[in-house]
Amino acid sequence: MRYGYHCEECEEATWPATSRAELQWLKNREHVVREVAQHVQGGLDTWMVEGLDFLDRHRGHSVMLTRRS
32 MRYGYHCEEC
42 EEATWPATSR
52 AELQWLKNRE
62 HVVREVAQHV
72 QGGLDTWMVE
82 GLDFLDRHRG
92 HSVMLTRRS
């Protein structure tokens, strides 16, 4: 089973390679992760970058966690 984000307004989804708990954590702490990203030299994990990109493109939209088999 895979988990990801789904924008209800655009009907677009992304499926970063991580767990549901980590995706929920990222969504709840987006502002903190963006602040940390500005200060780390090695960059963020790929799933974090993918998730932040999706959340940024759909800012102001209704984005929810979703799953697929």
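Heads up, the sequence shown is in my numbering, so the first residue is 32 and it goes up one at a time.
C-beta atoms are modelled at their ideal positions from N, C-alpha and C, and glycine is treated no differently.
- Looking at the DSSP output, Met95 shares a beta bridge with His37.
- In this model, Glu40 and Gly91 are separated by some 10 Å (Cα to Cα).
- The Cβ atoms of Thr49 and Gly35 do not sit closer than 7 Å to each other.
- Around the beta carbon of Glu81, 16 or more other beta carbons lie within 10 angstroms, which makes this residue buried.
- Counting only runs of at least 3 residues, the stretch 40 to 80 fully encloses the following beta strand (DSSP E) elements, listed from N- to C-terminal order: 43 to 45.
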